[in-house]
Each structure stands twice: as C-alpha cells, then as structure tokens.
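In this note's numbering, the protein residues as written are 479 to 854. Let me begin by presenting the structure, written as structure tokens, before commenting on it.
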Amino acid sequence: MSIRNTDQASFHISSRTRSSNTRQSLISSNSDNIKVTADLEDIIPESRKRKRYSPRKPTKHFIKEEAEEVKKELLYDDEGDKTKFKKSIVKQRKERKPARRVKNNDTESIEVQPPSNWKEVYETMKEMRTKGISQNAAVDSMGCERIAEANASPREKRLHTLISLMLSSQTKDTINAATMNRLYLELPPHSDGAMPGLTLENLLAVDAAHLNELIRAVGFHNNKTKYIKATAEILRDKWNSDIPDSIDGLVSLPGVGPKMAYLCLSSAWGRTEGIGVDVHVHRITNLWGWHKTKTPEETRLALQAWLPKELWHEINWLLVGFGQTTCLPIGRKCGDCELAFKGLCKSIDPSKRHQIRKSDKFKLKADPEFKQEESV
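Written out as structure tokens, the structure is:
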C-alpha cells in the first residue's frame, strides 16, 4: 500500500504546509498534533472476505499394501482426529496383455507368452459355438470337411476338399456349397459310359468355358477356372492323379496358399501341421487383442508361436462360425455376445454398450443377487 493511502486511512495531520521542510519541522516539534487512529495492519483492507468456520468434513486416505490385496481406509472424525482403519477387499482390474516375447533368464532363450486372458476368451467362444447363439453356422454343414460327396471314393473325396477350398476364396459358404453341388451333378463325363460328376478325369476333359459357366457364381470365377484346369493336369502328371500330401506340394498348386494348404492337409489327410487362417480368424483374434498383425499369414505365425497344438485343427472351424453368426464383419452382435457381458472383449461396438449394460445378463454379472422379473 502506498504512503498516500496510509496517510488518508490512518493518520490525521492537523496542519499541512506546501514546503516539505516546514512539514518535517512541524511533525517533529508538534507531535501532540498527530493523532494515531489505528494500527497500519488493521486498516489494510483484506483481499477477500474470511470464510465462516465450518467443521472439517471426514476425509478418506487409501493406503495400498503390496503384500495383500486389501486397502486400508483411514477415517477422520469431524474434529479431524484419526479414528480407525477400515479394511476392504480390492478387486484388481485384470490387465489385458497380447502375446509377447520374453527372455528366459535361466535358458537365455526367447519365449512367447500367450495373451493374458486367452483361455477364458477361447472357452467362452467355444461354448457359444457349441451350445449358444453361435451354433448352426454355415461352416458347420458346408465347410470343406463336410462338403465332399458321401458315396465318393477316398481319392475323390480328397479332390472334392481341394476344389471346394479353391472355390471358397472370396465366396460365402452357401454359394460355395451350391457351386460344388452343381459340379457333382452337371460336370459332364469324360467319355461315353462314364459317370458325370466331380472327378479328375472329368475336370481334365471339360472345356474351360463350360467349367467357367458352372462355377460362375463364385468370386473371381475366371481365374479359378484357369487354376482348376492347371491343377488337374499337375495332379495327373506329378501326383499320380491324387492331391499332394505335404504343405510344399499343396502350395505349389496354382491358386493355393498357406491357408488352403493347411486346411486341406488337415481335412483330406488328417494331418495338422499348421493353422488355417482366413479372414475371420485374422480379424477376430486382432479384435480380441491377441496380437497386432496385418495379414493372415502373420496371424498364423503369431498363433502357432503360443497356441497349444491340439487346438490348431478346431480353431478355424470355431472362429469361422463365430464370425458368420455373431462377430460379423459388418454389424457385430455385441449385444448378444457372452464375451461382451463378461468384459472379455476389448473391441465392443460403442453403439451396443448401452444395450449391454441394460441387459439382465450384465446386471446379473454385476450383482449376483439380481433376479429377473418373471413375465406375466
């Protein structure tokens, strides 16, 4: 505060003079004329009003003990004195971790640890596929393992499996099954007296234009016609009119990649040497956060690094059906998915969160005592 303000607020000088020297002499000689009205501190206005006293509200401090999963709640009374500790169980949030490489300090080797919650996710999805809303998918009745003719010979069944896989790329299972059925019935015989149907001899003899017409419902039918005709000749010349029994032999066929090769080897020959990863397996496992891969082949290598081998054969069938019925490429049914109710999926459709929270299943999970009202 300036001297000018203090002179006006606290001191009353009875006489003033224009000369500063005269003023100083008057102050020193006539001290009786100066009347002190207040202390300087008392007349300085406060910057803000003082708040009325209010009792201190009870506060809570949480102390986390690393040794055990408890928290201590330190309570205060109205006077601010410590009263007691209150213990309660802390439910720690499960941390989701993708598959990751870690170094084993004992062996100095690099090991791949699986995703943190993969078993619970897998078992929940499998239960939905076998007993829940994801059962009776198209792949269950029209997949490559079930599409071969029942009365065909073992060699012809293996051919049927290979051809169905070659036709299945970029094609729905329903359309693929209808196209295969057309080949069984309408592929003309290679000679007089022979039977029509899908045999290697009939494929070799059929005109490419006619074959293209028979399979025109599938995606990329022009290219697939060329691949099938070329494959038929390779099977006749190099594989004794049968399909290859190795991954290297299968991927050497035109139009056959790793996914088809591993599925064909498993379905046709009963040998599982790898995981058949299609768009459903690639998409869903990335949605779950198991890995961050850009191609199905990267996904196959990532899964094979940690997934138990006894699950390699079934995972394709399970996830393809799950992707066809529940976890659709467009319009995922998160509101009906058990993974969403259990909080196991990290990619729930935001538009379905409100529906999930309003559902009875979600309420029952949050409160075991919740009981759905019986409908009248």
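Idealized CB from N, CA, C, for every residue including glycine.
Apart from the five residues on each side of it in sequence, which residues of its chain come closer than 6 Å, Cβ to Cβ, to residue i?
i, result
"residue 591", "578 and 580"
"residue 814", "611"
"residue 708", "732"
"residue 744", "750 and 791"
"residue 658", "625 and 642"
"residue 575", "594"
"residue 633", "720"
"residue 825", "765"
"residue 704", "none"
"residue 760", "774 and 777"
"residue 784", "577, 590 and 592"
On the premise that residue j lies in contact with residue i, defined as a C-beta separation below 8 Å, what is that separation, rounded to the nearest angstrom?
i, j, result
"residue 795", "residue 610", "In fact, because the Cβ distance is near 16 Å, the residues do not count as touching under 8 Å."
"residue 711", "residue 692", "Contact doesn't hold; Cβ gap of about 18 Å is too wide."
"residue 780", "residue 791", "No, residue 780 and residue 791 are not in contact; Cβ-Cβ is about 18 Å, not under 8 Å."
"residue 606", "residue 763", "About 16 Å; that fails the 8 Å criterion."
"residue 737", "residue 786", "Going by Cβ atoms, the distance from residue 737 to residue 786 rounds to 20 Å, so no, they are not a contact pair."
"residue 663", "residue 684", "That pair is no contact at about 14 Å."
"residue 599", "residue 741", "So it is not a contact: roughly 23 Å between Cβ atoms."
"residue 755", "residue 644", "In fact, because the Cβ distance is near 17 Å, the residues do not count as touching under 8 Å."
"residue 690", "residue 700", "6 Å"
"residue 661", "residue 676", "4 Å"
Quick one: what's got a C-beta closer than 8 Å to residue i's C-beta in the same chain, skipping five residues either side?
i, result
"residue 687", "none"
"residue 587", "581"
"residue 635", "626, 627 and 746"
"residue 782", "752, 753 and 790"
"residue 617", "651, 795, 798, 799 and 802"
"residue 623", "639, 745 and 795"
Please classify residue i: does DSSP put it in a helix, a strand, or coil?
i, result
"residue 583", "coil"
"residue 588", "strand"
"residue 419", "It is not possible to answer for residue 419, since the shown part of the chain is limited to 479 through 854."
"residue 811", "coil"
"residue 673", "coil"
"residue 760", "helix"
"residue 772", "coil"
"residue 725", "helix"
"residue 520", "Any answer about residue 520 is weak, because its pLDDT of 42 lies below 50 and its placement is not dependable; what the coordinates show is given next. Three-state DSSP puts residue 520 in a helix."
"residue 789", "helix"
"residue 599", "helix"
"residue 679", "helix"
"residue 801", "helix"
"residue 784", "coil"
"residue 668", "coil"
"residue 634", "helix"
"residue 751", "coil"
"residue 564", "The predicted model places residue 564 with a pLDDT of 47, which falls under 50 and marks its position as unreliable, so this point remains unresolved."
"residue 649", "coil"
"residue 730", "coil"
"residue 641", "helix"
"residue 719", "coil"
"residue 830", "helix"
What does the Cβ neighbour count give for residue i, buried or exposed, with the cut at 16 atoms within 10 Å?
i, result
"residue 608", "exposed"
"residue 673", "exposed"
"residue 651", "buried"
"residue 613", "exposed"
"residue 809", "exposed"
"residue 648", "exposed"
"residue 807", "exposed"
"residue 722", "buried"
"residue 646", "buried"
"residue 654", "buried"
"residue 694", "exposed"
"residue 656", "exposed"
"residue 629", "exposed"
"residue 671", "exposed"
"residue 585", "exposed"
"residue 718", "exposed"
"residue 583", "exposed"
"residue 569", "Because residue 569 sits at a pLDDT of 42, beneath the cut-off of 50, its placement in the model cannot be relied upon, and the following sentence gives the value as read from the coordinates. The residue in question, residue 569, is exposed, as its Cβ has fewer than 16 Cβ neighbours within 10 Å."
"residue 767", "buried"
Could you pull out every residue in the same chain whose Cβ sits closer than 7 Å to the Cβ of residue i, ignoring the five residues on either side in sequence?
i, result
"residue 811", "804"
"residue 729", "735, 736 and 739"
"residue 602", "816, 817, 820 and 822"
Is residue i near the ligand NAP, judged by its Cβ being under 6 Å from some heavy atom?
i, result
"residue 816", "For the structure depicted, the ligand NAP is absent and the ligand set is empty, with no information on it obtainable."
- Which runs of the alpha helix (DSSP H), 4 residues or longer, sit entirely within the segment 688 to 717? Correct list: 699 to 716.
- Message: What ranges does the alpha helix (DSSP H) occupy inside the segment 603 to 629, keeping only unbroken runs of at least 4 residues that lie completely in it?
- Response: Secondary structure in the segment 603 to 629: the alpha helix (DSSP H) runs of 4 residues or longer, each lying completely within the stretch, are 616 to 620 in chain order.
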